[in-house]
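Once you know that position 57 of the sequence shown is 91 in the numbering used here, the rest is easy, because the numbers rise by one and skip nothing.
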Amino acid sequence: MTEDDLRVAHLAFVGKLLAGLSHENKNHLAIINESAGLIQDLLSLSGKSSVGNEKIPKMLDLIAERVEKANQMTRYLSRFAHRMDNPVSMFSVNEALEEEVALLERFARQLNIGFEASFEPKLPTLHNSPSLLQFAFYELLLPFFSVLGKDSTIVITTRQEGAAVSIGAVSSEQSTIASPPAACWPVSETTQTAISRLGASLQPPGVQRGVGFKLLVSSLA
Numbered sequence: 035m036t037e038d039d040l041r042v043a044h045l046a047f048v049g050k051l052l053a054g055l056s057h058e059n060k061n062h063l064a065i066i067n068e069s070a071g072l073i074q075d076l077l078s079l080s081g082k083s084s085v086g087n088e089k090i091p092k093m094l095d096l097i098a099e100r101v102e103k104a105n106q107m108t109r110y111l112s113r114f115a116h117r118m119d120n121p122v123s124m125f126s127v128n129e130a131l132e133e134e135v136a137l138l139e140r141f142a143r144q145l146n147i148g149f150e151a152s153f154e155p156k157l158p159t160l161h162n163s164p165s166l167l168q169f170a171f172y173e174l175l176l177p178f179f180s181v182l183g184k185d186s187t188i189v190i191t192t193r194q195e196g197a198a199v200s201i202g203a204v205s206s207e208q209s210t211i212a213s214p215p216a217a218c219w220p221v222s223e224t225t226q227t228a229i230s231r232l233g234a235s236l237q238p239p240g241v242q243r244g245v246g247f248k249l250l251v252s253s254l255a
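Here it is, written out as structure tokens:
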């Protein structure tokens, strides 16, 4: 695995998330535009009927909701982009995972797979590469999408283990496994390289039910 190979894979990951956000915000804007057109129609009818007056507040609430969702996704994108400002920096693992999961939700939703977060609130900040960690986490999640059945849930956890942070992911007990858990292992050479650059260690799910992993990350020396 060369430096160029890792960089190409990393850039492909960034591009995929950017494309996903673009589609998501296009959907929000389309609904806002359609709602605004409906309000215009209702206003034109409001003098003839009480129906328009009843529906307008609901449409305005829908517009406000979609605007907030679009703004939230944009905030996540801004944070995600700034992770690449410096190769190594101090960062919160919870915040890095929160924004990444939000940007991945569209792809999971297309497969009827949901995310559930169980983050330990007070974790030590790490001096490491947040962007590379997000990439490694994405690479480790990819097998979930091909082996889990519909209406599955991926439970993502963070825990403190000494000076390190443990990042875990496992299919929920309600999940339907379409393939054996071993389908996720061994991880790809690209993923192994990213984990090595982070100075992290990876553990397979072992005897626990479902598909999963635990990634142990600490600050670089």
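Built from N, CA and C at the ideal position, the CB exists for glycine as well.
With E154 as the anchor, note down where its alpha helix (DSSP H) starts and where it stops. It is not in any alpha helix (DSSP H) - E154 carries neither H nor E in the DSSP assignment.
Report all residues from its chain with a CB closer than 6 Å to the CB of L111; omit the five preceding and five following residues, and keep chain order. L55
Once you ignore the five residues that flank L232 on each side, which residues in its own chain have a CB closer than 7 Å to its CB? N162, S163, L166, L167, A170, V251
Using a threshold of 7 Å, state whether the C-beta atoms of E154 and Q106 are closer than that. no
Contacts around T225, its chain only, beta-carbon distance under 7 Å, and the 5 residues preceding and following it disregarded: A170, E173, L174
Please report the straight-line C-alpha distance between T159 and A43, rounded to a whole angstrom. 26 Å
Per-residue DSSP class, three states only, for L145: coil
With H, G and I counted as helix, E and B as strand and the rest as coil, what does DSSP make of S235? strand
What would DSSP say about L254, mapped onto helix, strand or coil? coil
Please classify G196: is it buried, with 16 or more other beta-carbons within 10 angstroms of its beta-carbon, or exposed? exposed
Just checking my contact of V127 with L157 at CB under 8 Å: how many whole Å lie between their CB atoms? 6 Å
Length at least 4, wholly inside the segment 82-117: the alpha helix (DSSP H) runs in chain order: 85-116
For E195, which residues does DSSP report across the bridge? A198
Alpha carbon to alpha carbon, how far is L76 from L131? Give it in angstroms, no decimals. 42 Å
L45 to S180, Cα distance in whole Å? 22 Å
Does DSSP put S186 in a helix, a strand or coil? strand
Within this structure, are the beta carbons of T187 and S206 separated by less than 7 Å? yes
According to the neighbour-count rule (16 or more other Cβ atoms, all chains shown, within 10 Å of its Cβ), is T108 buried or exposed? exposed
Sequence-distant residues of its chain with Cβ nearer than 7 Å to S69 (five each side left out): M93, L96, I97
Using the beta-carbon count (16 or more within 10 Å), is A64 buried or exposed? exposed
Leaving out five residues on either side along the sequence, give the residues of the same chain with a beta carbon under 6 Å from the beta carbon of E150. T187, V189
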